[in-house]
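Numbering (the working numbering), first residue to last: 625 to 799.
Glycine included, each C-beta is placed from N, C-alpha and C at the ideal position.
To start, the structure itself, in C-alpha coordinates.
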(Lines of atoms letter the chains of each structure in order from A and count residues from 1; the text may use other names and numbers.)
(Lines give C-alpha, C1' and ligand atoms only; values in the text may rest on other atoms or scores of the structure.)
Protein backbone atom coordinates (compact mmCIF):
# COMPACT_ATOMS: atom_id res chain seq x y z
CA UNK A 1 0.00 0.00 0.00
CA UNK A 2 1.45 3.36 -1.04
CA UNK A 3 1.72 6.08 1.58
CA UNK A 4 2.34 9.11 -0.64
CA UNK A 5 -0.96 10.92 -1.11
CA UNK A 6 -1.57 13.92 -3.34
CA UNK A 7 -4.72 16.02 -3.67
CA UNK A 8 -5.99 17.15 -7.05
CA UNK A 9 -9.22 18.37 -8.66
CA UNK A 10 -11.57 15.51 -9.52
CA UNK A 11 -12.23 14.48 -13.11
CA UNK A 12 -15.29 12.81 -14.62
CA UNK A 13 -13.30 9.58 -14.93
CA UNK A 14 -13.02 9.49 -11.11
CA UNK A 15 -16.76 9.30 -10.45
CA UNK A 16 -17.14 5.51 -10.41
CA UNK A 17 -14.33 5.16 -7.86
CA UNK A 18 -15.70 8.06 -5.78
CA UNK A 19 -19.08 6.32 -5.55
CA UNK A 20 -17.32 3.11 -4.51
CA UNK A 21 -15.34 4.95 -1.80
CA UNK A 22 -18.53 6.61 -0.52
CA UNK A 23 -20.23 3.23 -0.29
CA UNK A 24 -17.31 1.57 1.52
CA UNK A 25 -16.78 4.46 3.93
CA UNK A 26 -20.48 4.49 4.85
CA UNK A 27 -20.19 0.93 6.17
CA UNK A 28 -18.43 2.37 9.23
CA UNK A 29 -21.78 3.77 10.37
CA UNK A 30 -22.97 0.23 11.05
CA UNK A 31 -20.49 0.09 13.96
CA UNK A 32 -22.52 2.74 15.81
CA UNK A 33 -25.97 1.50 14.87
CA UNK A 34 -26.57 3.97 12.03
CA UNK A 35 -27.29 1.27 9.46
CA UNK A 36 -29.55 3.66 7.56
CA UNK A 37 -26.46 5.68 6.61
CA UNK A 38 -24.80 2.64 5.10
CA UNK A 39 -28.04 1.65 3.38
CA UNK A 40 -28.79 5.12 1.98
CA UNK A 41 -28.21 5.70 -1.73
CA UNK A 42 -24.96 7.35 -2.76
CA UNK A 43 -24.84 10.74 -4.34
CA UNK A 44 -25.79 10.40 -7.96
CA UNK A 45 -23.41 10.46 -10.87
CA UNK A 46 -25.13 13.70 -11.97
CA UNK A 47 -24.37 15.31 -8.59
CA UNK A 48 -20.73 14.30 -8.91
CA UNK A 49 -20.57 15.64 -12.49
CA UNK A 50 -22.06 18.98 -11.46
CA UNK A 51 -19.62 19.41 -8.59
CA UNK A 52 -16.68 18.44 -10.81
CA UNK A 53 -17.84 20.84 -13.53
CA UNK A 54 -17.96 23.60 -10.90
CA UNK A 55 -14.35 22.73 -9.92
CA UNK A 56 -15.14 22.11 -6.27
CA UNK A 57 -14.53 18.40 -5.89
CA UNK A 58 -11.11 17.16 -4.90
CA UNK A 59 -9.69 13.65 -4.75
CA UNK A 60 -6.89 12.09 -2.75
CA UNK A 61 -4.71 9.84 -4.88
CA UNK A 62 -1.75 7.60 -4.12
CA UNK A 63 1.47 7.87 -6.08
CA UNK A 64 0.28 4.71 -7.87
CA UNK A 65 -2.84 6.53 -9.12
CA UNK A 66 -5.31 4.87 -6.73
CA UNK A 67 -8.12 7.13 -5.54
CA UNK A 68 -8.51 6.85 -1.77
CA UNK A 69 -10.81 9.75 -0.86
CA UNK A 70 -12.72 12.76 -2.06
CA UNK A 71 -14.37 15.97 -0.91
CA UNK A 72 -17.41 17.25 -2.81
CA UNK A 73 -18.25 20.88 -2.12
CA UNK A 74 -20.78 23.41 -3.30
CA UNK A 75 -21.34 27.11 -2.93
CA UNK A 76 -24.20 27.66 -0.51
CA UNK A 77 -25.29 30.91 1.13
CA UNK A 78 -22.14 32.62 -0.14
CA UNK A 79 -19.76 30.16 1.53
CA UNK A 80 -18.23 26.82 0.63
CA UNK A 81 -20.25 23.89 1.93
CA UNK A 82 -18.66 20.47 2.39
CA UNK A 83 -21.47 18.31 0.99
CA UNK A 84 -19.63 14.97 1.14
CA UNK A 85 -16.25 13.72 2.25
CA UNK A 86 -15.20 10.10 2.25
CA UNK A 87 -11.94 8.21 2.66
CA UNK A 88 -11.41 4.54 1.84
CA UNK A 89 -11.35 2.60 5.12
CA UNK A 90 -7.76 1.41 4.69
CA UNK A 91 -6.58 5.03 4.34
CA UNK A 92 -8.53 6.52 7.25
CA UNK A 93 -6.71 8.05 10.23
CA UNK A 94 -3.81 9.21 8.01
CA UNK A 95 -4.79 12.85 7.57
CA UNK A 96 -6.40 12.37 4.17
CA UNK A 97 -9.71 14.02 5.14
CA UNK A 98 -7.87 16.92 6.77
CA UNK A 99 -5.85 17.50 3.59
CA UNK A 100 -8.98 17.37 1.44
CA UNK A 101 -10.68 19.93 3.70
CA UNK A 102 -7.58 22.16 3.64
CA UNK A 103 -7.52 22.01 -0.17
CA UNK A 104 -11.20 22.95 -0.38
CA UNK A 105 -10.51 25.80 2.05
CA UNK A 106 -7.62 27.05 -0.09
CA UNK A 107 -9.88 26.93 -3.15
CA UNK A 108 -12.46 29.03 -1.28
CA UNK A 109 -9.92 31.55 0.04
CA UNK A 110 -8.59 32.07 -3.50
CA UNK A 111 -12.13 33.22 -4.35
CA UNK A 112 -12.47 35.45 -1.28
CA UNK A 113 -14.79 33.00 0.48
CA UNK A 114 -14.05 33.10 4.18
CA UNK A 115 -16.12 30.28 5.67
CA UNK A 116 -16.83 26.58 5.24
CA UNK A 117 -19.97 24.83 6.48
CA UNK A 118 -21.09 21.22 6.77
CA UNK A 119 -23.77 19.05 8.34
CA UNK A 120 -22.74 15.95 10.24
CA UNK A 121 -23.55 13.57 13.06
CA UNK A 122 -23.03 14.92 16.56
CA UNK A 123 -22.02 11.63 18.14
CA UNK A 124 -20.09 9.70 15.47
CA UNK A 125 -16.44 10.03 16.57
CA UNK A 126 -15.26 10.62 13.00
CA UNK A 127 -17.91 13.31 12.45
CA UNK A 128 -18.59 16.34 14.70
CA UNK A 129 -15.82 15.59 17.25
CA UNK A 130 -13.32 15.24 14.40
CA UNK A 131 -14.46 18.41 12.64
CA UNK A 132 -14.29 20.32 15.94
CA UNK A 133 -10.61 19.35 16.21
CA UNK A 134 -10.11 20.91 12.76
CA UNK A 135 -11.69 24.20 13.88
CA UNK A 136 -15.37 23.78 13.00
CA UNK A 137 -17.93 25.05 15.51
CA UNK A 138 -21.59 24.15 16.00
CA UNK A 139 -24.10 26.76 14.88
CA UNK A 140 -27.78 27.15 14.11
CA UNK A 141 -28.25 27.97 10.42
CA UNK A 142 -31.73 29.45 10.77
CA UNK A 143 -32.94 31.87 9.56
CA UNK A 144 -30.07 33.56 7.71
CA UNK A 145 -28.77 30.47 5.91
CA UNK A 146 -31.69 29.50 3.68
CA UNK A 147 -29.54 27.23 1.50
CA UNK A 148 -28.22 25.29 4.46
CA UNK A 149 -31.69 25.03 5.99
CA UNK A 150 -32.89 23.61 2.65
CA UNK A 151 -29.99 21.13 2.64
CA UNK A 152 -30.98 19.97 6.13
CA UNK A 153 -34.57 19.48 4.95
CA UNK A 154 -33.37 17.44 1.95
CA UNK A 155 -31.21 15.29 4.23
CA UNK A 156 -34.29 14.61 6.37
CA UNK A 157 -36.20 13.62 3.22
CA UNK A 158 -33.38 11.16 2.44
CA UNK A 159 -33.85 9.62 5.89
CA UNK A 160 -31.13 11.46 7.82
CA UNK A 161 -33.06 12.79 10.82
CA UNK A 162 -31.58 16.06 12.01
CA UNK A 163 -31.84 15.23 15.73
CA UNK A 164 -28.44 13.54 15.85
CA UNK A 165 -27.13 15.83 13.09
CA UNK A 166 -25.68 19.27 13.53
CA UNK A 167 -24.57 22.17 11.37
CA UNK A 168 -20.99 23.34 11.75
CA UNK A 169 -18.94 26.19 10.33
CA UNK A 170 -15.30 27.16 10.26
CA UNK A 171 -13.73 30.49 9.40
CA UNK A 172 -11.09 30.08 6.70
CA UNK A 173 -7.65 31.59 7.13
CA UNK A 174 -4.59 31.39 4.91
CA UNK A 175 -2.10 28.79 6.10
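Minimum C-alpha distance to residue 686 - residue among 702, 628, 645: Taking residue 686 as reference, the option from 702, 628, 645 with the minimal CA-CA separation is 628.
Nearest neighbour of residue 661, chosen from 751, 766, 755 [CA to CA]: The candidate whose alpha carbon is nearest that of residue 661 is 751.
Nearest residue (CA-CA) to residue 698, options 684, 716, 673: If we check each option's Cα against that of residue 698, 673 comes out closest.
Reduced DSSP secondary structure (H/G/I, E/B, other) of residue 745: Residue 745 carries a strand assignment under DSSP once its states are collapsed to helix, strand and coil.
Closest Cα partner of residue 665 within the set 771, 736, 650, 788: Comparing Cα-Cα distances from residue 665 to each of 771, 736, 650, 788, the minimum goes to 650.
Boundaries (first-last residue) of the alpha helix (DSSP H) holding residue 648: Bounds of the alpha helix (DSSP H) holding residue 648 are 639-650.
Alpha carbon of residue 773 to alpha carbon of residue 688, nearest angstrom: Their Cα atoms are separated by approximately 40 Å.
Contact check, residue 684 vs residue 723, beta carbons under 8 Å: Against a cut-off of 8 Å, the Cβ pair of residue 723 and residue 684 comes out as a contact.
Cβ neighbour criterion (16 or more within 10 Å) applied to residue 635: Classification of residue 635: exposed, given that the 10 Å Cβ count is below 16.
CB of residue 757 within 8 Å of CB of residue 789, strictly: Not closer than 8 Å, so no.
Neighbourhood of residue 798 by C-beta, 7 Å cutoff - its chain only, sequence neighbours within 5 removed: Around residue 798: 733.
Where residue 853 falls, given that 16 or more other Cβ within 10 Å makes a residue buried: Outside the shown range of the chain (625 to 799) lies residue 853, about which nothing can therefore be said.
Euclidean distance between Cα positions of residue 709 and residue 642: Here the C-alpha atom of residue 709 lies approximately 10 Å from the C-alpha atom of residue 642.
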